[in-house]
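This report refers to the structure that appears directly beneath it.
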Amino acid sequence: MNKEEQGVSEQVWNLAELQDRVDNDQELLRELLNIFKEDFPRTLQSLESAVSGEDLKNATRLSHTLKGMLGSLGATRAAAAAAKLEALSSAGEIASLEGAFHALEIEAQSLLPELEAYMAEVRH
Amino acid sequence: MKILIADDEALSRRLLERTLARAGYQVIAVENGKQALEQLGKPEGPRLALLDWVMPELDGPGVCRAVRTRSEQTYVYMVLLTSKGSKEETVLGLESGADDYLTKPFNAEELRARLRVGERILLLEDRLVEARENMRFRATHDQLTSLLNRGAVMDLLTRELHRSHREKKSTAILLGDVDHFKHVNDTLGHVVGDEVLVEIANRLLASVRSYDFVGRYGGEEFLVVLNNCDPAFAPIRAEEIRKAISSHAIQTAKGPVTLSMSLGLLLSSEWKVKPVEELLHEVDIALYEAKTAGRDCLRMAKPSTPVELAPADLSQPVRLRH
């Protein structure tokens, strides 16, 4: 990983912060990533249905869950996007939900390949 | 030390679990507030808890409130985990009964430091409880013999008399005084005198049932309360107690000492309801009669006009031993 890539990854995924949090326990890190791989798409999908169905209660709850999950993982930018969606849903800003969800999706799209790349790198 | 983690989000929960296990805690992880409350309610349950604010079933502040409304349980130190940062919410969290709060995502070092604060508080609480228990024991027990002290045994007797009256049962009150105890103190010294009193206390305790009371009434006077005692058997049991003292010598630092005890006995069923002091006065008279009759014997306190159907053969003082 060169310096340029490092700079980008710190924005999308703060691996250093996560390494610190797991106390450099690589096994735990892998385990967390596996939980994430399983839980994140499922939760994101439910959130999408909640948003399109204008279900504010579930949109608030699910975006809160994602915020916690992403935050623990050190995915700072995606966590911020989830936080924004949570705030909008709990404030009942229905008109802004689709846009906020889309922003979260974009963040997720740049996050997931980084996680995949890392997992491929540590697997061998 | 056990610690409870309650977080509905699997990744954060696992992260916390491992972080705390590595810090040496015995971790119990649950997914919602209801399960958290259940764990915290167990007799040997965790006394440290990390609770996520937003959870299904019951949220973090809800768990805190529920735990704090329970009374006689040991203190649980609770830390709320929140991604909410506002002052209002911090205040709300603390007012629900939480001791501290941490914002997510947490920093491992800060988390451990804050939990150490919790452990310190719990340690202080343990010491406080222990000191309170010691004080309670000292306030109700005789220092030398560890028997109930006069005040405590009188309180228990009063309660027991009310109960036996209500349930139409009989309580037997035995007042015993060690014969010629002064002689032991004068010839063998107070240290041996103390040894003797401790041994007599032990023998008295060994001769009653677990739900009877034995108290040190005065210097060498002991009060034994036989709860719910069949009036027909009371004199027999009193005799056993008397024999427990005189049957074999007491081993002391200055050799074996043979002693005896004079006893006064009163059966509450034979008396009208009277204040406990008056009943004790009657037993004291019976004890005095036992002393004048030659000691090492039992005398019964009998009302001059027996209540209802007091058995005829027990309405007069009985000498059960010469």
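Those protein sequences? They're chains A and B, same order as listed.
The first sequence finishes on residue 123 if you use numbering that gives the first Met the number 0, and the numbering steps up by one all the way, no holes.
The second sequence finishes on residue 321 if you use numbering that gives the first Met the number 0, and the numbering steps up by one all the way, no holes.
The beta-carbon is built from N, C-alpha and C at its ideal position, and this holds for glycine as well.
Because the structure is a prediction, the values reported are computed rather than measured.
Could you give the residue range of the alpha helix (DSSP H) that holds residue i?
| i | result |
| --- | --- |
| A/F39 | 25–51 |
| A/M68 | 55–72 |
| A/L84 | 75–90 |
| B/A65 | 59–68 |
| A/R20 | 14–20 |
Check residue i in the structure and name its three-state DSSP category.
| i | result |
| --- | --- |
| A/G6 | Note on A/G6: pLDDT 44, under 50, position unreliable in the model; no value is reported. |
| B/E43 | coil |
| B/A48 | strand |
| B/Y74 | coil |
| B/R111 | helix |
| B/R298 | strand |
| B/L203 | helix |
| B/K181 | helix |
| B/Q25 | strand |
| B/A231 | coil |
| B/T186 | helix |
| B/A20 | helix |
| B/A289 | helix |
| B/N133 | helix |
| B/R241 | helix |
| B/S11 | helix |
| B/E198 | helix |
| B/M153 | helix |
What are the partner residues of residue i, as DSSP defines its beta bridges?
| i | result |
| --- | --- |
| B/P255 | B/Q250 |
| B/S261 | B/D176 |
| B/G214 | B/L147, B/L222 |
| B/T81 | B/T102 |
| B/L266 | B/A171 |
| B/H140 | B/L147 |
So, is the C-beta of residue i closer than 8 Å to a C-beta in chain A?
| i | result |
| --- | --- |
| B/P104 | yes |
| B/R113 | no |
| B/L49 | no |
| B/S355 | Not covered by the structure: residue 355 of chain B. The range shown for chain B is 0 to 321. |
| B/R17 | yes |
| B/S85 | no |
| B/E159 | no |
| B/L14 | yes |
| B/S145 | no |
Could you tell me whether the Cβ of residue i comes closer than 8 Å to any Cβ of chain B?
| i | result |
| --- | --- |
| A/H101 | no |
| A/M68 | yes |
| A/R76 | no |
| A/E30 | yes |
| A/D54 | no |
| A/R41 | no |
| A/S71 | yes |
| A/M0 | Only weak support is given to the placement of A/M0: the predicted model assigns it a pLDDT of 44, under 50, and the question is left unresolved by the model. |
Starting from residue i, trace the beta strand (DSSP E) both ways and give me its first and last residue.
| i | result |
| --- | --- |
| A/M118 | No beta strand (DSSP E) holds A/M118; the alpha helix (DSSP H) holding it covers 93–122. |
| B/K86 | Here B/K86 belongs to no beta strand (DSSP E); instead the alpha helix (DSSP H) covers 86–94. |
| B/T102 | 99–102 |
| B/A5 | 1–5 |
Within the present structure, is the beta-carbon of residue i separated from the nearest heavy atom of the ligand NAP by less than 7 Å?
| i | result |
| --- | --- |
| B/T102 | This structure does not include the ligand NAP; it has no bound ligands of any sort. |
On the premise that residue j lies in contact with residue i, defined as a C-beta separation below 8 Å, what is that separation, rounded to the nearest angstrom?
| i | j | result |
| --- | --- | --- |
| B/R126 | B/V78 | So it is not a contact: roughly 22 Å between Cβ atoms. |
| B/K290 | B/S261 | 5 Å |
| B/D6 | B/L110 | 13 Å between Cβ atoms; not a contact. |
| B/V152 | B/G214 | 3 Å |
| A/E106 | A/W12 | About 10 Å; that fails the 8 Å criterion. |
Nearest chain C C-beta to residue i closer than 8 Å, yes or no?
| i | result |
| --- | --- |
| B/V53 | The chain labelled as chain C is not found among the protein chains of the depicted structure, namely A and B. |
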